[in-house]
Amino acid sequence: MSSTQREIRVLRYDLRPRLLQVSKVDRVTPRTARITLTGPDLDGFQTHDYADHVKLCFPEPGAALPTMPTMGERGIVPPPTDGPQPIFRDYTVRRFDAAASELDIDFVLHPHGIAGRWAADAAPGDSLGVLGPRGSHLVPDDFDWYLLAGDETALPAIGRRLAELAEARPTARVQAVVEVDGPAEEQELVRPPDTRLTWLHRDGAEAGGQERLYQALSEFTVPDGVGYVWVAGESGDLKPIRRHLRSLGLDRRHYKVDGYWKRGVVNHDHHADDA
Ligand SMILES: Cc1cc2nc3c(=O)[nH]c(=O)nc-3n(C[C@H](O)[C@H](O)[C@H](O)COP(=O)(O)OP(=O)(O)OC[C@H]3O[C@@H](n4cnc5c(N)ncnc54)[C@H](O)[C@@H]3O)c2cc1C
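If you're matching positions, the sequence shown starts at 129 in the numbering used here and goes up one per residue.
Below is the structure:
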C-alpha cells in the first residue's frame, strides 16, 4: 500500500489474538532463524508497512501452548494475578502471504531470553500466539532518499523495506547500515539498484553497548532533497544517534529511532525511549 507527497499515514486494525503453528524453520544465518507460521487464525491478518510488528505470545518453558490474552471492549483484559500470564515479546512482520497463509518472523538467536531460546528450539508443529499488528505507519515511497540503519533486530524491517522499495519504487536512493556479529551474519537482501549497503561487524563482541553504528551514522552527510531516516537497535546504542539526528535539523516527522531491546532488561518497552 502506498501513499504520496511524503505524508505519513496511520492505519489502525482490530486487535485479535491468533494461535498459529510453525510450518517451517530456516536458518537464514547461523544466528537468525526465519520461522514461518500458519493456521486458520491468520484469516484477516493485515500488514502494510515494513516496521509493522506483532506481540508474539510464548509458551512457558516446557509447555506446549502459550497462555493467550483475553480481549475485552477496551483491549487486553488483565489476567488474574494468581494465574498464568501471557508472555509477550515484540517482533517484526518480515513477510506475510495471505494466499499461502504464511507469516514469516526472523528471530535473532541469543541465549539470554525466553523468545531467543524458544526460536532456537522451534520445530514444525509448535504453537505460538500472535497479537496485532495494532496498525501501520505508512512511510511513503516518494522521499528523495532513505537512510535505514540498525542492528540485527532491525534487519527484518530493513530487509522488508528494501525489498518493497525495489518493487514499488526501483529508482529509490537508499543508504543502509547494519551492525551484525560478523560476515557470516550478513544476509542477501533484495534492494533497489541505487542502494549503498554497509555491514558493520562486532567481531565477537557482545551486542549492545557499541558505538559502531553511531560512528557510522555520524559520518553520514545529508543528501539533497527530502529524506526519511529509520533506525532501530539496542536502546543505549541509539541515544547518541538520536541526538545526532536532532542536530542535523531534519524535520521531526521524517526520522524515527526505535529502541528494540535494552541490554540487561527483560521485555524492554520500546515506547519508554520515545523522547
Ligand atoms: C517493534 C519491535 C520489533 C522487533 N522486531 C524484532 C525482530 O523482528 N527480530 C528480533 O530478533 N527481535 C526483534 N525485536 C527485539 C526483541 O523484541 C527483543 O530482542 C526481545 O527482548 C527478545 O526477547 P527475549 O525473551 O529473547 O529476551 P528478554 O527476556 O526480553 O531479555 C532477556 C535478556 O536478553 C537480552 N537480549 C534481548 N534481546 C537481545 C538480542 N537481540 N541480543 C542479545 N541480547 C538480547 C536483554 O538485554 C536481557 O538482558 C523487536 C523489538 C521491537 C520493539
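Here a beta-carbon is modelled for each residue, glycine too, at the ideal position from N, C-alpha and C.
By the C-beta criterion, the stretch 149-168 is judged to be in contact with the stretch 250-264, since at least 3 inter-stretch pairs fall below 8 Å.
It is roughly 22 Å from the alpha-carbon of P194 to the alpha-carbon of W389. Segment contact: the stretch 289-297 against the stretch 133-148, fewer than three CB-CB distances shorter than 8 Å; contact not assigned. Short note on K390: C-beta closer than 7 Å to some heavy atom of ligand 1. Here D180 is near V221, since their CB atoms are less than 8 Å apart. Per the DSSP secondary-structure output, Q303 pairs in a beta bridge with L275, R324.
Proximity of the beta carbon of I233 to ligand 1 is indicated: a heavy atom of the ligand is located closer than 7 Å. Under the three-state reduction of DSSP output, G257 falls in the strand class. A straight line joining the alpha-carbon of P197 with that of K152 spans about 25 Å. Boundaries of the beta strand (DSSP E) around I233: 230-236.
Between the beta-carbon of V306 and that of W327 there is about 6 Å, and that keeps the pair under the 8 Å contact cut.
Taking the Cα positions, T323 is about 11 Å away from L317.
Secondary structure of I242 (DSSP, three-state): helix. Of the heavy atoms belonging to ligand 1, at least one sits nearer than 7 Å to the Cβ of A335. In the DSSP assignment, no residue is bridged to K367. Comparing alpha carbon positions, the residue from G278, R288, F235, D272 closest to R223 is R288.
Exclusion of the five residues before and after G253 leaves Q149, V150 as the residues of its chain whose Cβ lies within less than 7 Å of its Cβ. One alpha carbon belongs to P268, the other to Y178, and they sit about 11 Å apart. In summary, L376 is exposed, with fewer than 16 beta-carbon neighbours lying within 10 Å of its beta-carbon over all protein chains present. Across the structure, E334 and P284 are spaced so that their CA atoms are roughly 20 Å apart. Straight through space, the alpha carbons of D225 and D171 are spaced by roughly 11 Å. If you check the C-beta of P194 against ligand 1, you find no heavy atom less than 7 Å away. The beta carbon of Q303 lies closer than 6 Å to those of L275, R324 in the same chain, with the five residues before and after it left out. A direct Cα-Cα distance of roughly 11 Å separates A247 from D154. In the three-state reduction of the DSSP assignment, Q213 falls in the coil class. Between the C-alpha atoms of L366 and T209 there is a straight-line separation of about 35 Å. Between H382 and V357, the C-beta gap is smaller than 8 Å, which places the two residues in contact. By the neighbour-count definition (other C-beta atoms within 10 Å, threshold 16), Q338 is a buried residue.
Setting aside the 5 residues that flank it on each side, G332 is surrounded in the same chain by D309, G310, each with a C-beta closer than 8 Å to its C-beta; the list follows chain order.
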